[in-house]
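Chains as they are written, first to last, in the working numbering: chain A, 1 to 334; chain B, 335 to 668.
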C-alpha cells in the first residue's frame, strides 16, 4: 500500500463509479459549462443565505453522484467532506441531510483530493464498499467570510482569484466500472513566508511543487508519465510560477501537459483576475470536465494536485504567513 | 476490516506507542492534574495571543508523544489533526512546525477519535508505519471565537461547559508495545432540533447514543463488554441525559461503568457549570488519565466515544439547529 515516504499505491485500483459537478450562474457562462451536471440560474439557489445555498450545492453533488453510480444511498458507507466555511457547516449539514456516517475534513481547496485519497484508501483496504468524497464553495459565502462586504465593491489586484460557486462529489467503490484511482500522495505544509491573501497562487505553488516532487520520487515514475498534470487552484499567477519552478527543481514535466483548474474554469475572462479558486473549483473541474475527457479516451492517466491555503482571517490579522499544502491523486482510464 | 454498517475491527490491533496530554493553569487545579505530561502556569504560554498559545499546546502534545514513543520525528508518516479554531489553524500551523505530511480533520470535539480511528485504519492497512493523531483547544481562543468577549463577564446557564485549555496526541504504530486499538465506529450526524449553544451536552447526547448503539450492533458485543464507556464531552447535563437514554433504547450498559470526560476533568468544581468541553478535553483525559489507568491494569478495555457539536456561529445566527456526531474507538490493554 504505502510507497516511499508519503504515497499510497492502491493494489485494487478503486473505481470512481459515480461523480457529479454542480455550478452556479457564473460558472454557466464559462467554457466548461457543458461538463456540469446541473447549473443553477439563481446564485441563492432559492435559499435565504449564501451559506445555505452552498450547502444545497454540496447536497446536490452528493445526491447526483450517488444516483449516477446506480447505488442506493443506504449502500454508501461513509461521506468524506469539507468546505471553506467556518466549522465546515456545508459539509456537516449535508451529512445531516444525507444521513451517511461522516468524517469531516479540512484542507481548504486541497480537501477535494484529501477526501478522494482517503476514500480510495478505505475502499482499497476493505474498510468500505462505497465512499462519497465531496467538497464545494460559494462565491458569496466565501467573500463574506474571508474578505470585504461585496457591497463595498473593493478593488482587487490581478493576482486575486474568484471563488467558484459549485460543488463536486465522487463515489468510490471496489467494484463496478469507471475510471480508477491508482495512487495518492499526501502533502506536508509548505510556507515560503508569503503573507498576501490576494495572491494565493504564489503562496500555494511551492506546496504543489513539493507534492509533485514527492509523488514522482515515491513512485519512481518518469516525469512524462502522466498525460496531464493539473493543479487546483493556483490560477494564472500560480500556474506561471509553478511552470518556472518545475524545471528548476529538475522535474521535467512537459509544460504543455501541465494546466490548472483555476485557469480552465472561466477561460480567459479578465473579470476573475488570476482565475478560479475555492473547494468547488478543483472539485467541479475534476469531477466534471477532466474526468469526462479521461473517460472519453482523450487521456489515459492524469494527476490531480489539489492545493490549499490553510490561513484564516485571524492568522492573517495576527501577522502570520500562509501555510499551504497539496494532495495529489492519480486517476486512470480502465 | 469493516464490520456491520459503520465499524472497523482492526485485525492487527494497532499499538498506541506514545501519547501525551498538555494542559493549562486551570487544568492544573483539577483532580486529573497528575495525569498531564506538562501543565503550563501561564494561560498565554508566553505567546502574544490565545490562538498562538493553542498552537503551542498542540505542538507540545505532538512532540512529547513522539518523544515518548521513542521514534524519530522523521519516522512519522502522517499527522491527523484538527481543532475548534476557524480553518483549524492550530492544527495547520502545528503541521508546518512539525513538517509531517498532514491531513486536516474537523469534527469539533469528536475530532480526537476521528483522528485516532483513521490513524488505526492507516496502520492496520499498511498505509503507514507511524501516525500521530492530535487535537487541542484553548479556553480564551474558543470563548473569543464562539461566544462573548470574556471582559463582558456574561453569565452562563448551568448547562454551559468550560472549554479546556489543553491538547492531546497519540502515536499509533503496527509495531511496538503499548495499549492496542481494537475497533472503531464512525458516527452519522444526529440533530434532534436543539438550538441552544449553551446546552451542548443535551444536543450531543443522542449522537453518542446512536454511535454506541451502532458499535454494539456492528460488533455484536454484550452491553457489559467494556470495563468503561466514556463519552467526551457531554458534561454533567449530557451524561445524565445519556444515562437515561441508554436503558430506554435497550442498551444495558452498567451505568456505574459509564462516565464522561467533561465530568472528570474538573471534578465537582461548580465554576465550570456542567463540566469541561472542547477538543482538548476528550484528548487530554483520554491520552492522559484514562489510558494511564488502562495501562496500570485497572481496566482491560474501554470505549471512548468522542462527541462533537458541528455548529458555527453563522449557522446558529441563521436559526439552524445543532448537528451533532460521535465517533467511538475501543482501546484495550495488551
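Every residue gets a Cβ at the ideal spot worked out from N, C-alpha and C, and that includes glycine.
Residue 168/A - containing beta strand (DSSP E), residue span: 166-173
Closest residue to residue 518/B among 545/B, 413/B, 463/B (Cα-Cα distance): 545/B
Member of 389/B, 601/B, 574/B whose CA lies at the smallest distance from the CA of residue 364/B: 601/B
Stretch pair the stretch 123-133 of chain A + the stretch 200-214 of chain A: three plus CB contacts closer than 8 Å: Counting C-beta pairs closer than 8 Å gives fewer than three between the stretch 123-133 of chain A and the stretch 200-214 of chain A, which falls short of the contact rule.
Contacting residues, own chain, Cβ-Cβ under 7 Å from residue 254/A (five flanking each side not counted): Cβ within range, chain order: 224.
Contacts of residue 86/A in chain B (Cβ-Cβ under 8 Å): Within chain B, the residues near residue 86/A are 420, 421, 646, 647, 648.
Residues of its chain near residue 217/A, where Cβ-Cβ distance is below 7 Å and the 5 sequence neighbours each way are ignored: 4
Residue 74/A versus residue 101/A - alpha carbon distance: 10 Å
C-beta contact flag for residue 58/A and residue 134/A at 8 Å: Yes, they are a contact pair.
The alpha helix (DSSP H) enclosing residue 97/A, as first and last residue numbers: 89-98
Cβ separation of residue 79/A and residue 53/A, assumed to be a contact under 8 Å, to the nearest whole Å: Not a contact, Cβ separation roughly 20 Å.
Contact list for residue 127/A against chain B, beta-carbon separation under 9 Å: 335, 336, 342, 455, 458, 459
is_contact[residue 96/A, chain B] using C-beta, thresh 8 Å: yes
Integer-rounded CB distance, given that residue 508/B should sit under 8 Å from residue 348/B: With a contact defined as Cβ atoms closer than 8 Å, residue 348/B and residue 508/B qualify at about 6 Å.
Any chain B beta carbon closer than 8 Å to residue 103/A: yes
Run of the alpha helix (DSSP H) containing residue 182/A, from where it starts to where it stops: It is not in any alpha helix (DSSP H) - residue 182/A instead sits in the beta strand (DSSP E) that spans 179-185.
Contiguous alpha helix (DSSP H) assignments of at least 4 residues, all confined to the stretch 243-327 of chain A: Residue ranges of uninterrupted alpha helix (DSSP H) with 4 or more members, entirely inside the stretch 243-327 of chain A and ordered along the chain, are 261-264, 279-284, 291-295, 313-317.
Own chain, CB closer than 7 Å to residue 479/B, minus 5 neighbours either side, in chain order: 419, 420
Buried or exposed by the 16-neighbour rule on C-beta atoms within 10 Å, applied to residue 271/A: exposed
Beta-carbon proximity of residue 523/B to residue 49/A, cut-off 8 Å: Between residue 523/B and residue 49/A, the gap from beta carbon to beta carbon reaches 8 Å or more.
6 Å CB neighbourhood of residue 529/B in its chain, flanking five on each side removed: 655
Cβ neighbours of residue 608/B in the same chain (closer than 6 Å, five flanking residues each side left out): 493, 495, 535, 569, 570, 571
Which residues DSSP lists as bridging residue 467/B, in chain order: 414/B, 504/B
Three-way DSSP call (helix, strand, coil) for residue 370/B in this model: coil
8 Å Cβ cut-off: residues of chain A touching residue 522/B: Result: 95, 99, 100, 101, 102.
Status (buried if at least 16 other CB within 10 Å, exposed otherwise) for residue 258/A: buried
Reduced DSSP secondary structure (H/G/I, E/B, other) of residue 102/A: Correct three-state label for residue 102/A: strand.
Interface residues of the stretch 367-389 of chain B facing chain A [CB-CB below 8 Å]: 382, 383, 385, 386
Chain-order list of residues whose beta-carbon lies under 6 Å from that of residue 330/A (same chain, five-residue window excluded): Excluding positions up to five away in sequence, the list reads 182, 183, 303.
For residue 389/B, the first and last residue of its enclosing beta strand (DSSP E): In the DSSP assignment, residue 389/B falls outside any beta strand (DSSP E) and within the unbroken alpha helix (DSSP H) covering 384-403.
Span separating the alpha-carbon of residue 165/A from that of residue 98/A: 21 Å
Cβ pair residue 547/B, residue 585/B closer than 8 Å: Going by beta carbons, residue 547/B and residue 585/B fall inside the 8 Å limit.
Residue 652/B versus residue 659/B: straight-line alpha-carbon distance, rounded: 20 Å
Backbone CA spacing between residue 215/A and residue 327/A [nearest angstrom]: 10 Å
Residue span of the alpha helix (DSSP H) that contains residue 445/B, given as start and end: 445-458
Cβ pair residue 542/B, residue 445/B closer than 8 Å: no
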